[in-house]
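Only one structure is covered here, and it is reproduced in the block below.
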Amino acid sequence: MVWIALSWIMGAKVVPGPVETIQFLLKEHQSGQLWFHIWMTLWRVLVAFVITMMLGTLIGVLSGASRTLDKLLEAWVITGLAMPRILPVVVAYLLIGLNDTAAVVALVIILVPQVIVQMREGIRAIDTKLVEMARALRRPRSQIWRQVILPQLAPYLLGTARGALSLTWKMVVFAELLGRTSGVGYQINFYFQMFEMRGILAYGFAMTLVLAAVDMAMLYLSERSFRWRRSVEQVI
Numbered sequence: 268m269v270w271i272a273l274s275w276i277m278g279a280k281v282v283p284g285p286v287e288t289i290q291f292l293l294k295e296h297q298s299g300q301l302w303f304h305i306w307m308t309l310w311r312v313l314v315a316f317v318i319t320m321m322l323g324t325l326i327g328v329l330s331g332a333s334r335t336l337d338k339l340l341e342a343w344v345i346t347g348l349a350m351p352r353i354l355p356v357v358v359a360y361l362l363i364g365l366n367d368t369a370a371v372v373a374l375v376i377i378l379v380p381q382v383i384v385q386m387r388e389g390i391r392a393i394d395t396k397l398v399e400m401a402r403a404l405r406r407p408r409s410q411i412w413r414q415v416i417l418p419q420l421a422p423y424l425l426g427t428a429r430g431a432l433s434l435t436w437k438m439v440v441f442a443e444l445l446g447r448t449s450g451v452g453y454q455i456n457f458y459f460q461m462f463e464m465r466g467i468l469a470y471g472f473a474m475t476l477v478l479a480a481v482d483m484a485m486l487y488l489s490e491r492s493f494r495w496r497r498s499v500e501q502v503i
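Numbering follows my numbering, in which position 204 of the sequence shown is assigned residue number 471; successive positions increment by one, without gaps.
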């Protein structure tokens, strides 16, 4: 409703309405440009997200389990959280070049500290009494991790993954806008230079739909993963 009202007040040339935006989106779809640029953005998001989650989860788990390692990494983590997000992108482009490698490296540097913090807190929140009981029963270490630690860590892992994925999308578009020749961010920058508001809104709208679909899928998987909690609560 706000979008339609702005289009009516300011005029379709300044703020194109939903109809004009969708029509432009269909033209981009027919030309093949829409899905090419969305795919390029998706690929960069996937690569950066997987590397970030693997590296951040590993360091976060180790940091939560070791006070010594946590103290060694504390200054670096705080620096990573406080650092302006534009800085790693610009520096990576200058040092590595205007390519996907630089974009992914910058994104990992930006995102990993947040994953570390979340997973570290997840490890610290684990009920150590259950772990000690499993050890007293002489359960194998692999079984303790699989049946005691991981179920308690899973909510933190899934929650961190959703947050990291959402931020990865935004930062990939930002990195594309600064220094790539493909992707949704590049298209938004291109149409900005052409003063074509329909293109900006069309690609922004398409990106929002894709991100919402992915987030809903992750939420669905999260709910299915924790269905067992409902049955336990009912029994209690």
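Using N, Cα and C, we set each Cβ at its ideal position, and we do this for glycine too. Keep in mind it's a predicted model, so treat the numbers as computed, not measured.
Beta-carbon gap between V375 and I416 smaller than 7 Å:
no
Rounded to whole angstroms, what is the Cα-Cα separation between G466 and R334?
Spanning the two alpha carbons is a distance of roughly 51 Å.
Residues in the same chain with beta-carbon distance under 6 Å from A373, minus the five sequence neighbours each way, listed in chain order, please.
P355, V356 and A359
Nearest-angstrom Cα distance between Q300 and E287?
Going by the C-alpha atoms only, they are around 18 Å apart.
For the alpha helix (DSSP H) holding S330, just list the boundary residues, first then last.
Q300 to A332
N- and C-terminal bounds of the alpha helix (DSSP H) containing P283:
Per DSSP, P283 belongs to no alpha helix (DSSP H) and is neither H nor E.
Residue from G364, I383 and S409 with nearest C-alpha to R447:
The option with the nearest alpha carbon to R447 is G364.
Measuring alpha carbon to alpha carbon, tell me which residue in L425, L420, A401 and G452 is nearest K437.
G452
Between which residues of its own chain and R408 is the CB-CB distance below 8 Å, once the five residues before and five after are set aside?
none
What whole-angstrom Cβ distance do Y423 and Q385 have, given they're in contact under 8 Å?
6 Å
Where do the ends of the alpha helix (DSSP H) carrying A369 lie?
D367 to R391
Rounded straight-line distance, which links the Cα of I305 to that of P418
35 Å
Have a look at Y458 and G284 and give me their C-alpha separation to the nearest angstrom.
For Y458 and G284, the distance between alpha carbons rounds to 17 Å.
Can you grab the Cα-Cα spacing for the pair R391 / E341, in whole Å?
15 Å
At the level of alpha carbons, what is the spacing between N366 and W310?
13 Å
Cα-Cα, which of Q297, Q414, L420 and M474 is closest to F441?
Check the Cα spacing between F441 and each of Q297, Q414, L420 and M474: the tightest is with M474.
Using C-beta distances below 6 Å, list every residue in its chain close to F316, excluding the 5 sequence neighbours before and after it, in chain order.
L432 and T435
V269, buried or exposed, once every other Cβ within 10 Å from all chains shown has been counted against 16
exposed
In whole angstroms, what separates the C-alpha of R387 from that of V328?
6 Å
With H, G and I counted as helix, E and B as strand and the rest as coil, what does DSSP make of M350?
In the three-state DSSP reduction, M350 falls in the coil class, being neither helix nor strand.
Return the residue from the list F472, R352 and Q414 that minimises the CA-CA distance to I393.
Q414
Tell me which same chain residues have a C-beta within less than 7 Å of the C-beta of M321, skipping the five on either side of it?
none
To which residues of the same chain is V499 closer than 7 Å at the C-beta, ignoring the five residues directly before and after it?
Legend: pLDDT at V499 = 48, less than 50; position of this residue unreliable, value from coordinates given subsequently. Taking C-beta separations shorter than 7 Å and ignoring five residues to either side along the sequence, V499 has no partners in its chain.
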